[in-house]
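Beneath this line is the structure, given in structure tokens, with notes to follow.
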């Protein structure tokens, strides 16, 4: 209730346990109106639980959250009037046609028949589903179902939109299409909470990213802030001749004072000082080593993620998760 | 790794083209009823798209009526016409119980596909999704009651107690079906997938309906089985329906049936609320 009007979604100290498992271990979030927050984390990190709490589907065990200034527990009905939810699964009725699915939601939201029909038509056009409007959703492709699902969450013109892994399981083309749809919504002023396992997706869409693991936020910031957070760049060298691999490795090791990683013909190492690059070039040149590739680049979000969580993104390691849950 | 939660949040975008939302504090019961009807419409539309679904639950009852009448009728009652008159009311009861499985199956499909979450995230009455589901399946009930009755009448079954008695029987059957649907709701919530709802249902409903007086007169049973069959609520409701369709309404079985319905609701409605809380 007391949230500033420019904060659309606010959460403080959200905790949710399922039996022995702690899905949320104290999560704070703040999403300014009209921006996109990307919640990034592997399977089982607590992303979906956070979305379910913020969309009134689940009561938190502790902490509180407001959406548009309304409390998600005490004023759940008000919150539901402001939000749209697109879950991990395309929650459409497969037996109904595209039009009927949207009509159903419109009618449930209290629209008159004609109004609901008009809105359905509008959305189906917007989401490039007009041709499939009178076909049962079970005949749709994965990408079409997701678009229909997203359309269904927009029937009531929500101010806040939760997108829980909206592109999981989609092919790259369908993913790009959905991204452009989401960008369109954001430009219309909708506040978006986006969860994803794909760093690229967060990078593409989110104004700000929080990285969540084991129910905790372990880092947050803009995509570039996160990339510089580890303070390092990656040096990669590929010798032309396999015989020079050892020389390259020792030169890189010496100049970076690290143990380089060797992947096939690639020698990579973390670098904090960019001046290492010319030094490496000089040393290799002196040693008569010809290289086919020599690059220095910012860490990708994948690498940031790896360094933050200790496990690659998208890895769902339930065993380690259970071990690390505080008793 | 420390939890850093406060960040330099980007400023709220000033240009919001969205209109103000008129937020209402609660749903009126009338809206709730309207929403339930909308959700029931969904199930009716499903049937319209896929009329085979009607076939799915029509073929078995028709087959059962024919099988029992012609295969067992002579052996059990000496004459298939007489057996048809004895068995058909119970067959309608049995079929009604099996049709309640659709409530659980539909609910389970909604839960596993995420449709239920979508519905719960909408500003509608909390009870509307469930009420809509149960209401819609009452349509299937009406269909299947008249189907079995119709097949029976083609074969020579007569409504000896008149149309009013028949309407009373239909009313009683629908009331009991409504109550019994709660058992299906519980199974639908707890089952992992829709197929399992069917398996659970069959495992419970087959013995429940066969260990009753639906197909055979109680007098022919071993003495230890008689009290069990008499205590089976399926026997009671079969007696009530027999009376209403044939020999005249009997207050005893009718009242017992209604009490049974109330008891089922009293047990399974809270149980389904508990199951929901566990699941979500």
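Residue numbers (our numbering), protein chains in the order written: chain C, 2 to 328; chain P, 73 to 352. In this text, a Cβ means the ideal position worked out from N, Cα and C, and glycines have one as well.
Cβ neighbour criterion (16 or more within 10 Å) applied to residue i
{"i": "residue 204 of chain C", "result": "buried"}
{"i": "residue 243 of chain P", "result": "exposed"}
{"i": "residue 261 of chain C", "result": "buried"}
{"i": "residue 346 of chain P", "result": "exposed"}
{"i": "residue 293 of chain C", "result": "exposed"}
{"i": "residue 212 of chain P", "result": "buried"}
{"i": "residue 54 of chain C", "result": "buried"}
{"i": "residue 333 of chain P", "result": "buried"}
{"i": "residue 23 of chain P", "result": "The requested residue 23 of chain P is not part of the displayed model; chain P covers only 73 to 352."}
{"i": "residue 32 of chain C", "result": "buried"}
{"i": "residue 121 of chain C", "result": "buried"}
{"i": "residue 195 of chain P", "result": "buried"}
{"i": "residue 19 of chain C", "result": "exposed"}
{"i": "residue 339 of chain P", "result": "exposed"}
{"i": "residue 319 of chain P", "result": "exposed"}
{"i": "residue 296 of chain C", "result": "exposed"}
Neighbourhood of residue i by C-beta distance below 6 angstroms, restricted to the same chain and skipping five residues each side
{"i": "residue 253 of chain P", "result": "172, 175 and 206"}
{"i": "residue 71 of chain C", "result": "79 and 80"}
{"i": "residue 266 of chain P", "result": "177, 180 and 181"}
{"i": "residue 160 of chain P", "result": "224 and 229"}
{"i": "residue 291 of chain C", "result": "241"}
{"i": "residue 288 of chain C", "result": "248"}
Residue span of the beta strand (DSSP E) that contains residue i, given as start and end
{"i": "residue 164 of chain C", "result": "161–165"}
{"i": "residue 95 of chain P", "result": "No beta strand (DSSP E) contains residue 95 of chain P, which DSSP labels as neither H nor E."}
{"i": "residue 10 of chain C", "result": "8–19"}
Chain C residues whose Cβ lies nearer than 7 angstroms to that of residue i
{"i": "residue 186 of chain P", "result": "88, 90 and 92"}
{"i": "residue 107 of chain P", "result": "109"}
Minimum C-alpha distance to residue i - residue among the options
{"i": "residue 126 of chain C", "options": "C:153, C:60 and C:108", "result": "C:153"}
{"i": "residue 240 of chain C", "options": "C:263, C:109 and C:225", "result": "C:263"}
{"i": "residue 259 of chain C", "options": "C:158, C:297 and C:273", "result": "C:273"}
{"i": "residue 208 of chain P", "options": "P:278, P:240, P:271 and P:116", "result": "P:116"}
{"i": "residue 163 of chain C", "options": "C:124, C:49 and C:271", "result": "C:49"}
{"i": "residue 181 of chain C", "options": "C:142, C:129 and C:219", "result": "C:129"}
{"i": "residue 8 of chain C", "options": "C:20, C:36 and C:16", "result": "C:36"}
{"i": "residue 140 of chain P", "options": "P:286, P:331 and P:307", "result": "P:286"}
{"i": "residue 282 of chain C", "options": "C:307, C:265, C:249 and C:309", "result": "C:249"}
{"i": "residue 188 of chain P", "options": "C:289, C:38, C:106 and C:167", "result": "C:106"}
{"i": "residue 202 of chain P", "options": "P:107, P:326 and P:98", "result": "P:107"}
{"i": "residue 156 of chain C", "options": "C:84, C:176, C:175 and C:308", "result": "C:84"}
{"i": "residue 240 of chain P", "options": "P:278, P:290 and P:323", "result": "P:323"}
First and last residue of the uninterrupted alpha helix (DSSP H) at residue i
{"i": "residue 196 of chain P", "result": "No alpha helix (DSSP H) holds residue 196 of chain P; DSSP gives it neither H nor E."}
{"i": "residue 251 of chain C", "result": "246–257"}
{"i": "residue 280 of chain P", "result": "266–282"}
{"i": "residue 328 of chain P", "result": "323–351"}
{"i": "residue 205 of chain C", "result": "200–206"}
{"i": "residue 252 of chain P", "result": "234–262"}
{"i": "residue 181 of chain C", "result": "173–188"}
{"i": "residue 129 of chain P", "result": "124–139"}
{"i": "residue 107 of chain P", "result": "101–121"}
{"i": "residue 213 of chain C", "result": "Per DSSP, residue 213 of chain C belongs to no alpha helix (DSSP H); it is in the beta strand (DSSP E), 209–214."}
{"i": "residue 67 of chain C", "result": "Premise fails: residue 67 of chain C lies in the beta strand (DSSP E), 63–68, not in any alpha helix (DSSP H)."}
{"i": "residue 51 of chain C", "result": "48–55"}
Cutoff 8 angstroms; reference residue i; Cβ partners in own chain excluding five residues on either side
{"i": "residue 139 of chain C", "result": "95 and 96"}
{"i": "residue 216 of chain P", "result": "129, 130, 133, 167, 168 and 171"}
{"i": "residue 243 of chain C", "result": "266"}
{"i": "residue 74 of chain P", "result": "Confidence is the limiting factor: at residue 74 of chain P the pLDDT is only 41, short of 50, which leaves the residue's position unreliable and the question unanswerable from this model."}
{"i": "residue 170 of chain C", "result": "143"}
Proximal chain C residues relative to residue i, where beta-carbon distance stays under 9 angstroms
{"i": "residue 189 of chain P", "result": "53, 56, 58, 86, 88, 90 and 92"}
{"i": "residue 266 of chain P", "result": "Residues of chain C passing the Cβ test: none, with the nearest at roughly 12 angstroms."}
{"i": "residue 269 of chain P", "result": "Result: empty, since nearest Cβ-Cβ is about 17 angstroms, beyond 9 angstroms."}
{"i": "residue 283 of chain P", "result": "Near residue 283 of chain P there are no residues of chain C at all, since even the closest Cβ is about 36 angstroms away, more than 9 angstroms."}
Chain-ordered neighbours of residue i on chain D, where CB pairs are closer than 9 angstroms
{"i": "residue 97 of chain C", "result": "Reference to chain D is not applicable here, since the protein chains of this structure are C and P."}
Amino acids of chain C, ordered along the chain, whose beta-carbon sits closer than 8 angstroms to that of residue i
{"i": "residue 194 of chain P", "result": "81, 106, 109, 110 and 157"}
{"i": "residue 110 of chain P", "result": "105, 108 and 109"}
{"i": "residue 98 of chain P", "result": "78"}
{"i": "residue 257 of chain P", "result": "Within chain C, no residue comes near residue 257 of chain P; the closest Cβ sits about 19 angstroms away, beyond 8 angstroms."}
{"i": "residue 175 of chain P", "result": "Those do not exist, as residue 175 of chain P stays about 16 angstroms from chain C at its closest Cβ, beyond 8 angstroms."}
Closer than 7 angstroms at the beta carbon, the chain P residues around residue i
{"i": "residue 101 of chain C", "result": "117"}
{"i": "residue 137 of chain C", "result": "121"}
Per-residue contacts from residue i into chain P (C-beta, under 8 angstroms)
{"i": "residue 215 of chain C", "result": "In chain order: nothing, as chain P lies at least about 10 angstroms away."}
{"i": "residue 153 of chain C", "result": "190"}
Own chain partners of residue i with C-beta closer than 7 angstroms, once the 5 adjacent residues on each side are dropped
{"i": "residue 178 of chain C", "result": "144"}
{"i": "residue 337 of chain P", "result": "251 and 254"}
{"i": "residue 344 of chain P", "result": "254, 257, 258 and 261"}
{"i": "residue 119 of chain P", "result": "125 and 126"}
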